[in-house]
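Asks: Under full-length UniProt numbering, the first residue of the sequence shown is numbered 1, with each subsequent residue one higher. Before we start, here is the structure in question, set down as structure tokens.
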Amino acid sequence: GRIACANVLSDLYAMGVTECDNVLMLLSVSQRMTEEVTGTGDTGGDRGTQGHTPGLGWGLGWGLATGQGLGWGLGTGVWGGVWGWGRVWGGVWGRACPVLTPALARPDSAVPGDVLVLTKPLGTHMAVTAHQWLDIPERWNKIKLVVTREEVELAYQEAVSSMATLNRTAAGLMRAFGAHAATDVTGFGVLGHARALAAQQRLDVAFVIHNLPVIAKMAAVSKACGGRGGLLQGTAPETSG
1 GRIACANVLS
11 DLYAMGVTEC
21 DNVLMLLSVS
31 QRMTEEVTGT
41 GDTGGDRGTQ
51 GHTPGLGWGL
61 GWGLATGQGL
71 GWGLGTGVWG
81 GVWGWGRVWG
91 GVWGRACPVL
101 TPALARPDSA
111 VPGDVLVLTK
121 PLGTHMAVTA
131 HQWLDIPERW
141 NKIKLVVTRE
151 EVELAYQEAV
161 SSMATLNRTA
171 AGLMRAFGAH
181 AATDVTGFGV
191 LGHARALAAQ
201 QRLDVAFVIH
211 NLPVIAKMAA
221 VSKACGGRGG
231 LLQGTAPETS
241 G
């Protein structure tokens, strides 16, 4: 639930917005999932009924709703949700504020000499994939020479922590120091989002990326898999906050 919420808010923080009044969760589960996975056999989930929470949905929704109570630092309420069956997992945010105030970061004002700052390490997708491979012998055999099981577990925990961490503090610093441009890094990878951001700039600038932090051992795992997932090419999807 926290990861889903952080991902929903990532676009907001990329604009320098630090306060959000409300988050509405949209969640559905695949009809191919068993009742044991979704929990509908125990909770009496009614397919297609809004407001009736399947077991899996309840777990994710509870993770969202308790984020603020656990001192997570969201600073917003999670009021209600929309539940159903199908491939949907996400949410929407709302904020009562003038969107175009000068205090908010504009994504199109980069100038020569600006420094690119990445707030989270890359490799979340590779770390989660490698963790799944621990129980798939034919997959694990491809990477076991470059990484240990313990290192995969540590990488997985770091990925989960990173995905559940908000960029709210970074958004505040963007406003305080007048950042010229920003973006989150999600489905198109760091290269895809950097290209999109560069294309938006009003001045003729080029972004040069020469050094990137990657979760420990995940670059080696990607190489062992023949570049699977696009981590070394900058196209691997990430889950940002």
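All C-beta atoms in this analysis are idealised placements derived from N, C-alpha and C, irrespective of residue type, glycine included.
Along the chain, where does the alpha helix (DSSP H) that runs through Trp188 open and close?
Replies: Looking up residue 188 in the sequence shown gives position 188. According to the sequence displayed, residue 188 carries Phe and not Trp. Where Phe188 is concerned, there is no enclosing alpha helix (DSSP H), given that its DSSP letter is neither H nor E.
Asks: Please name the residue in Val29, Leu116, Arg195 and Arg149 whose C-alpha comes closest to that of Ala170.
Replies: Residue 170 sits at position 170 when you count from the first residue of the sequence shown. Minimum Cα distance to Ala170 is reached at Leu116.
Asks: I'd like to confirm the pairing. Which residues does DSSP put opposite Leu122 in its beta bridges?
Replies: The sequence position of residue 122 within the sequence shown is 122, counting from 1. Leu122 pairs with Val214.
Asks: Tell me whether Val111 sits in a helix, a strand or coil according to DSSP, three-state version.
Replies: Here residue 111 corresponds to residue number 111 of the sequence shown, with the count starting at 1. It is coil, neither helix nor strand.
Asks: Cβ of Gly172 within 7 Å of Cβ of Thr18?
Replies: Position 172 of the sequence shown, counting from 1, holds the residue named residue 172. Position 18 of the sequence shown, counting from 1, holds the residue named residue 18. Yes, these two residues count as a Cβ contact at 7 Å.
Asks: Where DSSP assigns a beta bridge to Val17, which residues make up the other side?
Replies: In the sequence shown, residue 17 corresponds to position 17, counting from 1. In the DSSP output, where bridge partners are listed per residue, Val17 has none listed.
Asks: Assuming Arg2 contacts Ala155 under a Cβ cut-off of 8 Å, what Cβ separation, rounded to an integer in Å, is found between them?
Replies: Taking the sequence shown and counting its residues from 1, one reaches residue 2 at position 2. Taking the sequence shown and counting its residues from 1, one reaches residue 155 at position 155. Incorrect: roughly 19 Å between the Cβ atoms, too far for contact.
Asks: Taking the straight line between their C-alpha atoms, what separation do you get for Glu153 and Val208?
Replies: Here residue 153 refers to the residue found at position 153 of the sequence shown. Here residue 208 refers to the residue found at position 208 of the sequence shown. Distance between the alpha carbons of Glu153 and Val208 is about 33 Å.
Asks: I need the straight-line Cα distance from Gln233 to Ala182, nearest angstrom please.
Replies: Numbered from 1 along the sequence shown, position 233 holds the residue referred to as residue 233. Numbered from 1 along the sequence shown, position 182 holds the residue referred to as residue 182. Straight-line Cα distance between these residues: approximately 21 Å.
Asks: If Val146 sits next to Ala220, beta carbons under 8 Å apart, how far is it from one beta carbon to the other, in whole angstroms?
Replies: In the sequence shown, counting from the first residue as 1, residue 146 sits at position 146. In the sequence shown, counting from the first residue as 1, residue 220 sits at position 220. So it is a contact: roughly 4 Å between Cβ atoms.
Asks: Got a sec? Which residues, its chain only, sit under 8 Å from Thr119 by beta carbon, not counting five neighbours each side?
Replies: In the sequence shown, the residue the question calls residue 119 occupies position 119. Contacts found: Asn167 and Ala170.
Asks: For Val29, does the three-state DSSP call read helix, strand or coil?
Replies: Taking the first residue of the sequence shown as 1, we reach residue 29 at position 29. Three-state DSSP puts Val29 in a strand.
Asks: Does DSSP put His131 in a helix, a strand or coil?
Replies: Against the sequence shown, residue 131 aligns to sequence position 131. In this structure, His131 counts as helix in the three-state DSSP scheme.
Asks: Is it buried or exposed for Leu197, if we count other Cβ within 10 angstroms and need 16 for buried?
Replies: As a working mapping, residue 197 is identified with position 197 in the sequence shown. Counting Cβ neighbours within 10 Å, Leu197 comes out buried, since at least 16 surround it.
Asks: Could you check if Ile136 is buried or exposed, using at least 16 other CB atoms within 10 Å of its CB as the buried criterion?
Replies: Within the sequence shown, the letter at position 136 stands for residue 136. It is exposed - the Cβ of Ile136 has fewer than 16 other Cβ atoms within 10 Å.
Asks: Measuring alpha carbon to alpha carbon, tell me which of Glu150, Val111, Pro237 and Gly123 ends up nearest Ala206.
Replies: Within the sequence shown, the letter at position 206 stands for residue 206. For Ala206, the nearest C-alpha among the options comes from Val111.
Asks: With DSSP run on the structure shown, which of helix, strand or coil describes Phe177?
Replies: The sequence position of residue 177 within the sequence shown is 177, counting from 1. Of the three classes helix, strand and coil, the one that applies to Phe177 here is helix, per DSSP.
Asks: Which term fits Asp184, buried or exposed, when burial requires 16 or more other beta carbons within 10 angstroms of its beta carbon?
Replies: Reading the sequence shown from its first residue, position 184 is the one you call residue 184. Buried, since its Cβ has 16 or more Cβ neighbours within 10 Å.
Asks: Using only alpha-carbon positions, find the residue among Lys223, Asp204, Ala199 and Leu191 that is nearest to Lys144.
Replies: If you number the sequence shown from 1, residue 144 lands on position 144. Among Lys223, Asp204, Ala199 and Leu191, the Cα nearest to that of Lys144 belongs to Lys223.
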